[in-house]
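>
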Amino acid sequence: MNSSQKNIAFYKPAAQPTRCRAGFSMSEMIVVIAILGVLAGVVVIMLQGAFGASQEALAKARVEMLNSALHTWSTANREIYFPPNDGSGEEELYILRELQFRDPNPLKAKTGSPYVPPEYNPVASSNKTDFRIRWNGRLYELLLPDQEGSGLLMDFAASDFTTPHQFPENYKSGSF
Numbered sequence: 001m002n003s004s005q006k007n008i009a010f011y012k013p014a015a016q017p018t019r020c021r022a023g024f025s026m027s028e029m030i031v032v033i034a035i036l037g038v039l040a041g042v043v044v045i046m047l048q049g050a051f052g053a054s055q056e057a058l059a060k061a062r063v064e065m066l067n068s069a070l071h072t073w074s075t076a077n078r079e080i081y082f083p084p085n086d087g088s089g090e091e092e093l094y095i096l097r098e099l100q101f102r103d104p105n106p107l108k109a110k111t112g113s114p115y116v117p118p119e120y121n122p123v124a125s126s127n128k129t130d131f132r133i134r135w136n137g138r139l140y141e142l143l144l145p146d147q148e149g150s151g152l153l154m155d156f157a158a159s160d161f162t163t164p165h166q167f168p169e170n171y172k173s174g175s176f
């Protein structure tokens with residue numbers, strides 16, 4: 001055997017490159033995206049219930065704040081009895097303005113007034129899809145969506161807190 005034949009005998013042909021699997025197939029990607037979509041749908045449905053419950057809790061807290069202010073005002077002045085008029089929401093706003101008033105004369109100003117921040121300027125609503133705050137003759141009460149009646153709109157975006165309400169110079173508190 002000559003030297004060239006020896007080299008040929010030990011010559012191994014180069015191995016064929018094996019194909020590595022890199023990434024995921026299209027069908028695997030579609031299955032994963034479908035599963036994520038279903039999970040996202042379930043989470044959104046669950047969170048909507050929690051969001052509605054939190055809105056109701058916030059609305060109830062606002063009514064409690066108004067009734068607490070009303071009690072404090074009544075202690076310093078007299079009890080408010082203003083007959084309910086389930087029409088335009090004017091009586092709710094009128095009583096709210098009483099709670100927001102502070103006499104500019106420091107000698108006449110009631111201790112603790114204003115009882116409600118003067119920046120709170122809600123609008124009236126009779127839309128059955130809204131949370132509303134209604135005057136019942138002695139206290140404020142909450143109207144939930146789907147309940148009939150008008151009242152002050154409960155705005156969850158806080159756009160009802162604006163510039164303070166300006167009272168006329170001749171405004172007399174408790175003139176009802």
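In full-length UniProt numbering, the protein residues as written are 1 to 176. Using N, Cα and C, we set each Cβ at its ideal position, and we do this for glycine too.
1. Taking Cβ positions, are Leu153 and Arg132 nearer each other than 9 Å?
2. Look up Ser88 in the DSSP assignment and say whether it is helix, strand or coil.
3. Where DSSP assigns a beta bridge to Ser150, which residues make up the other side?
4. Which class does Ala124 belong to by DSSP, given the choice of helix, strand or coil?
5. Straight-line CA distance for residue 180 to Gln100?
6. Go ahead and label Asn121 buried or exposed: buried means 16 or more other beta carbons lie within 10 angstroms of its beta carbon, across all protein chains shown.
7. Taking the Cβ atom as the reference point for each residue, do Leu47 and Tyr140 lie within a distance shorter than 9 Å?
8. Leaving out five residues before and five after Lys60 in sequence, what residues of the same chain have Cβ atoms less than 8 Å from its Cβ?
9. Look at the alpha carbon of Ser159 and the alpha carbon of Leu144, and state the distance between them as a whole number of angstroms.
10. Would you mind giving the Cβ-Cβ distance between Pro84 and Pro118, rounded to the nearest angstrom? I have them listed as a contact below 8 Å.
11. CA-CA distance, Ser150 and Val63?
12. Flag this pair as yes or no: are the beta carbons of Phe156 and Gln55 separated by less than 9 Å?
13. Using 9 Å as the threshold, is the C-beta distance between Ala124 and Glu90 below it?
14. Tell me where the alpha helix (DSSP H) around Glu28 begins and ends.
15. With distances taken Cα to Cα, identify the nearest neighbour of Glu169 among Pro104, Glu148, Asn127, Ala109.
16. Rounded to whole angstroms, how far is the Cβ of Glu98 from the Cβ of Ser173, which I believe are closer than 8 Å?
Put simply:
1. yes
2. coil
3. In the DSSP output, where bridge partners are listed per residue, Ser150 has none listed.
4. Shown here, Ala124 sits in a strand according to DSSP, grouped into three states.
5. Only positions 1 to 176 of the chain appear in the structure, and residue 180 is not among them; the question remains open.
6. buried
7. no
8. For Lys60, where only same-chain residues beyond five positions count, the Cβ hits under 8 Å are Leu142.
9. Each residue's Cα considered, the two are about 20 Å apart.
10. At roughly 24 Å, the Cβ-Cβ gap does not stay under 8 Å, so Pro84 and Pro118 are not in contact.
11. 15 Å
12. yes
13. yes
14. 26-76
15. Pro104
16. 6 Å
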